[in-house]
Amino acid sequence: MVNMQNMNYYYDFSGQKFGYPLSLSINQFNRLAFSRQSSLEISYVLKGSYEVITESMSTLIKKHELVLIAPYDIHMLKMNEPESIILTLHIDFSYLPHYMVGDIDQSFKSCVCRKNQNEKLLLQIQQQLGILLLHFIQKKDNVYLLNKVISHLIYIISENKEYSIEQLPLTSKNHENYMKAILFIDQNYQKDIHLEDIAKNLSFSNSYASRLFKRYTGVSFVKYLSMVRIRHSLEALLAGKDSIDEIAFHCGMTSSKAYSQAFKELYGITPSIYRKQFQKNLKYNKEQREQRMSLDQKQIELIQHLINEKRIYQDENLEITKENEVILYHYKQIDHASLKQEKNELMIKIKE
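In this text, residue positions in the sequence shown follow numbering that gives the first Met the number 0: the first is 0, and each later residue adds one.
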């Protein structure tokens with residue numbers, strides 16, 4: 000379940016609506032239930048901090064740090080500070096032909112990127128995000144540039160799949176059982192399931208299963224199940240094609256009344272009002288046809304550090320920029336390298 004806290008910073012580019020694999024959003028949210036999707040996710044903190052929990056790590060990502068979530072990894076991102084803002088990018092492999100992506104199960108691994116951990120990868124991703132955001136600001140429609148960014152992100156992230164991650168301290172048998180229960184719900188939320196079904200399927204007692212949810216989620220099984228169902232219903236709700244009755248039925252709720260009550264408890268508003276708020280944020284052209292939202296000044300100020308039209312290349316050691324047709328090389332750790340220039344070639348050698 001994604002709880003929007005402030006629509007002032009809300010931006011959304013949902014390529015999947017048009018059959019395209021890329022989506023990008025800027026918002027403030029609390030994911031109060033575990034998520035699991037077929038896409039590769041990049042979540043980059045623009046302000047504040049978020050707690051990241053997966054099956055294999057638990058850590059805090061702060062301003063200008065990011066987490067990579069591999070496809071099908073169960074994960075949760077919880078707001079750690081009020082007014083925190085996060086940029087989230089998804090590359091949905093279900094929209095890409097198999098020959099382009101291969102076996103995604105073996106190609107990616109969830110990890111955190113910050114200055115003292117996977118810094119090279121952090122800088123590479125920041126650079127690609129900057130290219131992408133500048134494209135949206137300038138309101139270009141160059142699908143080949145978008146394809147290039149997608150391909151480059153897939154390449155650099157898959158190349159770094161062996162980076163180590165911080166291990167979750169909850170390595171007990173209880174935690175392992177809890178993740179099994181979470182996965183069971185994620186796979187069966189559309190059915191009429193009860194706590195007894197989980198207990199029976201996983202050979203738990205009812206009381207043990209109940210204690211697992213209260214300990215690790217802080218809520219009862221019934222409430223957690225409602226959160227999962229509502230999270231899975233959001234795409235259909237925002238698409239605006241199905242009625243509330245149809246959405247409630249498809250996500251496993253017993254009635255539209257039960258769905259609306261659970262939705263209001265989690266969001267503070269009804270699903271119909273939530274849908275209207277989203278639609279108000281869509282920008283329309285003169286012909287009243289739906290088009291992409293525009294990044295406003297508040298959002299641009301948050302992402303300005305990513306956008307550098309003069310930058311040609313950047314890594315942890317070197318930044319290359321172009322100003323007035325002059326190429327400038329900025330070497331960041333000159334004390335760890337030797338420079339040698341012959342004719343028109345500059346040689347940089349890293350000291351052992």
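Note that CB positions come from ideal geometry on N, CA and C, so glycine has one too.
| Check | Outcome |
| --- | --- |
| According to the Cβ coordinates, are tyrosine 266 and leucine 211 closer than 8 Å? | no |
| For the candidate residues Val66, Ile41, Lys61 and Ile130, whose alpha-carbon lies nearest to that of proline 81? | Lys61 |
| Whose C-alpha, out of Lys46, Glu40, Gly14 and Lys240, is nearest the C-alpha of leucine 301? | Lys46 |
| Contact defined as beta carbons within less than 8 Å: I believe asparagine 79 pairs with serine 48. What is the distance between those atoms, to the nearest angstrom? | 4 Å |
| Buried or exposed for asparagine 141, please, with buried defined as at least 16 other CB atoms from any protein chain shown within 10 angstroms of its CB. | exposed |
| Round the Cβ separation of serine 209 and leucine 224 to the nearest angstrom and send it over; I've been treating them as touching at under 8 Å. | Wrong, their Cβ atoms sit about 13 Å apart, outside the cutoff. |
| Provide the residue span of the alpha helix (DSSP H) that contains serine 206, from first to last. | 205 to 215 |
| From the DSSP output, in three-state form, read off leucine 95 for me. | coil |
| Please classify arginine 228 as buried or exposed, where buried requires at least 16 neighbouring CB atoms within 10 angstroms. | buried |
| Do the region 142 to 152 and the region 103 to 113 make contact, defined as three or more Cβ pairs closer than 8 Å? | no |
| Compute the Euclidean distance between the alpha carbons of serine 202 and phenylalanine 183, then round it to the nearest angstrom. | 13 Å |
| Entirely within the region 108 to 146 and at least 4 residues each: give me those alpha helix (DSSP H) ranges in chain order. | 118 to 136 |
| Which ranges would you report for the beta strand (DSSP E) in the region 17 to 70 if only whole runs of at least 3 residues count? | 21 to 26, 28 to 30, 38 to 46, 48 to 53, 57 to 61 and 65 to 68 |
| How would you call tyrosine 43, buried or exposed, if buried means at least 16 neighbouring beta carbons within 10 angstroms? | buried |
| With a 10 Å radius around its C-beta and 16 neighbouring C-beta atoms as the bar for buried, classify glutamate 234 as buried or exposed. | exposed |
| List the endpoints of the continuous alpha helix (DSSP H) containing methionine 226. | 220 to 238 |
| Identify which residue in Ile153, Pro270, Tyr188 and Lys139 has its Cα closest to the Cα of isoleucine 41. | Ile153 |
| Beta carbon of isoleucine 243, beta carbon of serine 271: below 8 Å? | yes |
| Please name the residue in Tyr273, Cys110, Ile319 and Phe135 whose C-alpha comes closest to that of isoleucine 156. | Cys110 |
| Can you tell me whether histidine 193 is helix, strand or coil according to DSSP? | coil |
| Apart from the five residues just before and just after proline 70, which ones in its own chain have a Cβ nearer than 8 Å to its Cβ? | Gln36, Ser37, Ser38, Leu39, Phe92, Ile103, Asp104 and Phe107 |
| Which value, in whole angstroms, describes the spacing of the CA atoms of lysine 114 and isoleucine 52? | 20 Å |
| So arginine 274 packs on glycine 239, CB below 8 Å; how close in whole Å? | 6 Å |
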